[in-house]
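In this note's numbering, the protein residues as written are 170 to 266.
Here is the structure we will look at, set down as C-alpha cells.
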C-alpha cells in the first residue's frame, strides 16, 4: 500500500521530486555539519556563490544540481554576533498559532 502511495505522490511531478531531493539533501547536509561538530570541527553552510561556475569547476554533469554546499574545518576566528536575530519567544508557537 505504501509503495503505491509513494509512487502516486511522486510520479510525473518533477517539482515534487525536486523539492524532496532538496529537502533530503538539506537534512543530509545538516547531519554532516553535526557530525563535523562532534569531531571538533566547525562548519558553515554556503550561499551567495555562483552555482553554475562551481558546477563547471567540478565538471558537474548537466543532469545534476548543487543542492547544498558546506565548508568544514577549524575556525580561524570567533564568529560575529548575528544582528537582528529574533528571540525564541518571537518565533516559537506552542499548542497554537
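For each residue, glycine too, the CB sits at the ideal point set by N, CA and C.
Model, not experiment: these values are computed from the prediction.
What's the gap between the Cα of residue 195 and the Cα of residue 233? Position 26 of the chain shown, counted from the start, is the residue given in the question as residue 195. Position 64 of the chain shown, counted from the start, is the residue given in the question as residue 233. In a straight line, the C-alpha of residue 195 is about 16 angstroms away from that of residue 233.
Name, in chain order, the residues that DSSP records as bridge partners for residue 211. Here residue 211 refers to the residue found at position 42 of the chain shown. 242, per the DSSP bridge assignment.
So, residue 242 versus residue 203, is the Cβ gap smaller than 9 angstroms? For the purposes of this step, residue 242 is taken as residue 73 along the chain shown, with counting starting at 1. For the purposes of this step, residue 203 is taken as residue 34 along the chain shown, with counting starting at 1. No.
For residue 212, which residues of its own chain have a beta-carbon under 6 angstroms away from its beta-carbon, when the five flanking residues on both sides are left out? For the purposes of this step, residue 212 is taken as the residue at position 43 of the chain shown. Cβ-Cβ distances below 6 angstroms link residue 212 to 202, 205, 239, 241 in the same chain, with the five nearest sequence neighbours on each side left out; the list follows chain order.
Assign residue 254 to one of three DSSP states: helix, strand, or coil. Residue 254 sits at position 85 when you count from the first residue of the chain shown. Note: residue 254 maps to coil in three-state DSSP.
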